[in-house]
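Contents: one structure, followed by commentary.
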Amino acid sequence: MKGDCIKLADKISAHLDQELEGEELADLLRHLEECGCCKHCLETMRQTRAMLKKLPGPEMPVDLKAKLRACLKNS
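Below, the structure is given as structure tokens:
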């Protein structure tokens, strides 16, 4: 991975979060067209995020549910 690529790792993540625009986005997209390493990094991040979205979310602790119900009942 080249020095430019290391600097762009955060930009790739920001791109996936749709946080880049304008010249910053154009520069990244241009780099991705030319750099197989960064293109691979982008695809790996996409696949990882897709897998993480499929995981179930954490369950609310049973005692917390009971406490919330009691608070709502008493309010």
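Letter by letter, the sequence shown follows residues -16 to 58 of our numbering.
Don't be surprised by glycine CBs; every beta carbon is placed ideally from N, CA and C.
Taking every protein chain shown into account, the CB of Ile(-11) has fewer than 16 other CB atoms within 10 angstroms, so this residue is exposed.
Taking all protein chains shown into account, Cys20 has fewer than 16 neighbouring C-beta atoms within 10 Å of its C-beta and is therefore exposed. Runs of alpha helix (DSSP H) with 4 or more residues, each lying fully within the segment 1 to 28, are found at 5 to 17, listed in chain order.
If the five residues before and after Lys36 are omitted, its C-beta is found closer than 8 Å to no C-beta atom of its own chain. Its Cα nearest to that of Gly(-14), the residue His14 stands out among Pro41, Leu47, His14 and Gly40. Taken through DSSP and simplified to helix, strand or coil, Gly40 comes out as coil.
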